[in-house]
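Peer 1: Take a look at this one; I'll ask things after.
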Amino acid sequence: MTRLSEESAGLGRALRQALGPGTVGVYLHGSAALGGWLAGTSDLDVLVVTESKACDGQRVLAACHSVHSPVELSVVTMDAAARPAAPWPFLLHATTGPDKLMVDDGGGDPDLLMHIAVTRAHGRSLLGPGPAEVFGVVSDCDISGYLRSELQWGVDHGCEAHAVLNACRALCWSRTGWLVSKIDGGTWAVARVPDHAGLIERALADQRIGRRCIGARVGAAELVAAVSAELAASAR
Numbered sequence: 001m002t003r004l005s006e007e008s009a010g011l012g013r014a015l016r017q018a019l020g021p022g023t024v025g026v027y028l029h030g031s032a033a034l035g036g037w038l039a040g041t042s043d044l045d046v047l048v049v050t051e052s053k054a055c056d057g058q059r060v061l062a063a064c065h066s067v068h069s070p071v072e073l074s075v076v077t078m079d080a081a082a083r084p085a086a087p088w089p090f091l092l093h094a095t096t097g098p099d100k101l102m103v104d105d106g107g108g109d110p111d112l113l114m115h116i117a118v119t120r121a122h123g124r125s126l127l128g129p130g131p132a133e134v135f136g137v138v139s140d141c142d143i144s145g146y147l148r149s150e151l152q153w154g155v156d157h158g159c160e161a162h163a164v165l166n167a168c169r170a171l172c173w174s175r176t177g178w179l180v181s182k183i184d185g186g187t188w189a190v191a192r193v194p195d196h197a198g199l200i201e202r203a204l205a206d207q208r209i210g211r212r213c214i215g216a217r218v219g220a221a222e223l224v225a226a227v228s229a230e231l232a233a234s235a236r
């Protein structure tokens with residue numbers, strides 16, 4: 001059993017006990033579902049769907065600590081999962097490393113847009129029915145707008161490797177409709193964006209060893225600008 005399989009199974013068992021009988025499903029998304037998960041570096045990204053309108057945050061957080069990897073978890077209602085739409089409401093966010101609990105104040109969380117889209121397409125069920133039976137379709141218009149906003153944030157505030165590889169996977173989605181991991185997006189883009197191949201290869205190398213470089217160089221900003229322009233054009 002791989003470390004990912006072992007930790008996923010353990011987390012699923014702990015969450016089942018913490019959340020109780022109202023739980024509809026527990027799903028892995030992000031790199032753990034897309035194939036880019038790196039032991040010791042990557043988070044376990046989890047979406048929980050529940051029939052209830054409330055859950056015990058401290059019990060959920062304790063369940064997240066049942067595994068060694070950091071966990072980022074969101075709990076949503078069945079309705080929010082089945083009919084995903086702004087403001088992207090949630091019941092609870094829980095993260096470890098450092099610990100944080102947050103309940104929805106009415107503003108929702110736009111990140112759930114992409115979490116739901118990835119979970120529907122590629123999510124791994126730790127508990128409950130298949131993702132496509134639980135999660136509704138997120139529109140291409142919503143995905144395109146989200147990707148553009150995330151790309152600019154990455155250039156302004158994020159890690160260069162993440163900014164570059166997020167641009168690559170956004171470009172992959174724009175041209176193919178595929179939702180892929182950072183590593184798969186970079187690998188796909190190397191041969192298709194030759195002017196930035198060296199930049200992408202460096203970002204892939206950094207991602208594989210977990211090296212973070214805050215702030216983006218000129219080349220990264222140029223790539224992000226080009227991809228953002230293509231996304232905007234395709235959305236018209």
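Note that the UniProt record's numbering numbers the sequence shown so that position 157 is 157, with each residue one more than the last.
Even for Gly, the Cβ is constructed at its ideal location relative to N, Cα and C.
#1: Please state whether the Cβ-Cβ distance between Phe90 and Ile116 is less than 8 Å.
#2: By Cβ distance, which residues of its chain are closer than 6 Å to Met102, with the 5 residues on each side in sequence left out?
#3: Skipping 5 residues on each side, what residues in its chain have a beta carbon closer than 6 Å to that of Arg3?
#4: Buried or exposed: Cys141, going by 16 or more other Cβ atoms within 10 Å of its Cβ?
#5: Check this for me: beta carbons of Ser228 and Ser174, under 8 Å apart or not?
#6: Hey, how far is the Cα of Ser125 from the Cα of Leu34?
#7: Examine the Cβ distances between the stretch 71 to 91 and the stretch 48 to 58 and report whether three or more of them are shorter than 8 Å.
#8: Below 8 Å between beta carbons: does that hold for Leu113 and Ala167?
#9: Can you tell which of Ile183, Ala18 and Gln152 has the C-alpha that lies nearest to the C-alpha of Ala203?
#10: Would you kindly work out how many angstroms separate the C-alpha atoms of Gly106 and Thr176, rounded to a whole number?
#11: Which of helix, strand or coil does DSSP assign to Val134?
#12: What first and last residue would you give for the beta strand (DSSP E) that runs through Val49?
#13: How about Val71 and Val46: are their beta carbons less than 8 Å apart?
Peer 2: Considering the structure as presented:
#1: no
#2: His93
#3: Non-local C-beta neighbours of Arg3 in its own chain, meaning closer than 6 Å and more than five positions away in sequence, comprise Ala39, ordered along the chain.
#4: Cys141 comes out exposed.
#5: No, the pair does not count as a contact, with Cβ atoms beyond the cut-off.
#6: 13 Å
#7: yes
#8: no
#9: Ile183
#10: 34 Å
#11: helix
#12: Leu44 to Thr50
#13: yes
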